[in-house]
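Chains as they are written, first to last, in this note's numbering: chain A, 1 to 182; chain B, 1 to 145. Have a look at the structure below before the remarks.
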Amino acid sequence: MQNSDQELTENLRKEETRDRAFQELVLKYQERLYWHIRKIVLNHDDADDVLQNTFLKVWRNIGQFREESSLFTWLYRIATNESLTFINSRKRHTLISMNDVSDYLKDRLESDEFFEGSDIQKKLQSAIVTLPEKQRLVFNMRYFGEIPYQEMSEILNTSVGALKASYHHAVKKVEDYISNLE
Amino acid sequence: MDFSEKIPAKLAEAGKELPFAIPPRYFDDFPARLKARIDKESLREEPRKVRMYDYLRPVLGLAAAFAAVFLLVFFPVKLITQPALTAEASSDAQNIINLVEHVDDHTFFSLLEGETVHDTISDDALESYLAANFSDYDIYLEIHK
């Protein structure tokens with residue numbers, strides 16, 4: 001996979017192979033990036049917008065990719081940043097008066113026609129949106145995505161120790177939130 | 001601190017499955033929709049027609065910068081140097097007053113009447129005037145100034 005990503009990156013840099021390589025990149029990563037984004041923005045329509053923004057950014061900035069990190073890490077980092085930027089910009093432009101991001105996300109979760117979870121799953125999502133931004137990201141990436149801490153550290157530019165602490169606090173808060181609902 | 005990853009009972013009950021669905025054939029259609037958007041964005045980013053203003057913009061910018069620097073430097077400098085100029089002017093006035101004070105009445109009135117001093121005063125008269133009013137040393141200093 002590593003070699004294949006390297007080959008893909010090289011082809012993305014050459015103008016004559018760029019279009020084809022980009023198509024390959026989209027096919028290879030669209031699902032993984034979509035689910036990563038969807039866990040952050042919750043709503044399908046928003047996830048679709050952010051996924052397009054992410055690939056558009058990749059298309060424009062592939063020349064700046066320095067291979068200091070893996071292609072996968074670079075893509076995840078862009079997707080994460082695009083998701084957070086999207087939430088903050090939508091929250092600013094929303095007509096409903098909302099105190100924080102969690103109110104906005106809760107609203108988006110409830111308006112999502114593609115939510116098909118059980119009652120306990122809905123409670124879990126409601127609990128996750130109450131977490132602070134970093135804890136929310138870490139919880140989603142670790143709990144649902146099962147991404148290794150080392151990779152998360154590169155994506156979020158945070159130490160492994162800090163990520164473990166964030167996850168620990170997040171789990172505790174989510175558990176308490178669900179228990180209080182019952 | 002214990003950061004063990006034992007999943008609490010409530011979380012375990014919710015499971016690790018994401019409760020989200022996607023529209024049918026979403027991932028099949030996505031690449032084509034993305035391509036359409038990239039093409040649209042690329043068209044939007046095509047170079048626009050160059051106007052006269054675009055050519056003049058650097059020059060106008062430079063001129064504005066010079067004007068700003070001139071205003072920022074000229075006025076403070078003018079404000080600082082103005083009192084010095086006034087002092088210089090007042091010093092000139094003082095010199096004139098000193099000169100007038102040292103001129104004898106005859107010369108002063110002659111000047112006022114527009115007469116030339118040399119026309120009315122002979123060399124002898126001047127010599128006697130100087131001898132009467134100034135010492136030899138004063139005359140010597142005046143000559144060798």
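Note that the Cβ used here is the ideal one computed from N, Cα and C, for glycine as well.
Under 8 angstroms by Cβ, that's how I've got residue i and residue j pegged, so tell me the actual separation to the nearest angstrom.
| i | j | result |
| --- | --- | --- |
| A/Q52 | B/L34 | 6 angstroms |
| A/N43 | A/R92 | With a Cβ gap of about 17 angstroms, A/N43 and A/R92 do not count as contacting. |
| A/V129 | A/L105 | 4 angstroms |
Measuring CA to CA, which of the options is closest to residue i?
| i | options | result |
| --- | --- | --- |
| A/R136 | A/L33, A/V41 and A/R13 | A/V41 |
| A/Q23 | A/L12, A/F65 and A/L33 | A/L12 |
| B/F30 | A/I78, A/T17 and A/L56 | A/L56 |
| A/Y76 | A/E113, A/V160 and A/E151 | A/E151 |
| A/I147 | A/T54, A/R66, A/F72 and A/Q64 | A/F72 |
Return the CA-CA distance between residue i and residue j, expressed in angstroms with no decimal places.
| i | j | result |
| --- | --- | --- |
| A/S111 | A/S89 | 18 angstroms |
| A/D103 | A/A21 | 40 angstroms |
| B/F109 | B/V103 | 10 angstroms |
| B/D2 | A/Y177 | Because B/D2 carries a pLDDT of 48, less than 50, the predicted location of this residue cannot be relied on, and the following value inherits that uncertainty. Each residue's Cα considered, the two are about 21 angstroms apart. |
| A/E31 | A/N157 | 23 angstroms |
| A/E68 | A/I78 | 15 angstroms |
| B/I22 | B/L60 | 54 angstroms |
| A/R38 | A/A47 | 5 angstroms |
| B/K16 | A/E154 | 23 angstroms |
| A/Q125 | B/A14 | 10 angstroms |
| A/R142 | A/H36 | 11 angstroms |
Take the Cβ of residue i as the centre, count every other Cβ of all protein chains shown within 10 Å, and call the residue buried at 16 or more, exposed below.
| i | result |
| --- | --- |
| A/Q2 | Reliability fails at A/Q2, whose pLDDT of 46 lies under 50, so the model's placement of it is uncertain and no value is given. |
| B/L126 | exposed |
| A/L181 | exposed |
| A/Y184 | This structure gives no information on residue 184 of chain A, because the portion of chain A shown stretches from 1 to 182. |
| A/K164 | buried |
| A/Y34 | buried |
| A/S4 | exposed |
- Message: Residues of the segment 142–159 of chain A in Cβ contact with chain B at a cutoff of 7 angstroms, in chain order, please.
- Response: Y143 and F144
- Query: At a Cβ cut of 9 angstroms, what residues of the segment 16–41 of chain B count as close to chain A, listed as they run along the chain?
  - Reply: K16, E17, L18, P19, F20, A21, I22, P23, Y26, F27, F30, P31, R33, L34, K35, R37, I38 and E41
- Message: To be precise: take each residue of the segment 10–38 of chain A, compare its Cβ to all Cβ atoms of chain B, and keep it if any distance is under 8 angstroms. Which residues remain?
- Response: Q23, V26, L27, Q30, E31, Y34, W35 and R38
- Task: May I ask you to list, following chain order, the residues of the segment 47–79 of chain A that have a beta carbon less than 9 angstroms from some beta carbon of chain B?
- Result: A47, D48, L51, Q52, F55, L56, W59 and R60
- Query: Given a limit of 8 angstroms on CB to CB distance, which residues of the segment 114–130 of chain A reach chain B?
  - Reply: Those residues of the segment 114–130 of chain A that come within reach of chain B (Cβ to Cβ, closer than 8 angstroms) are F114, F115, E116, G117, S118, I120, Q121, K122, K123, L124 and Q125.
- Task: Taking only beta carbons into account, state which residues of the segment 163–174 of chain A come closer than 9 angstroms to chain B, listed in chain order.
- Result: Result list: K164, A165, Y167, H168, V171, K172 and V174.
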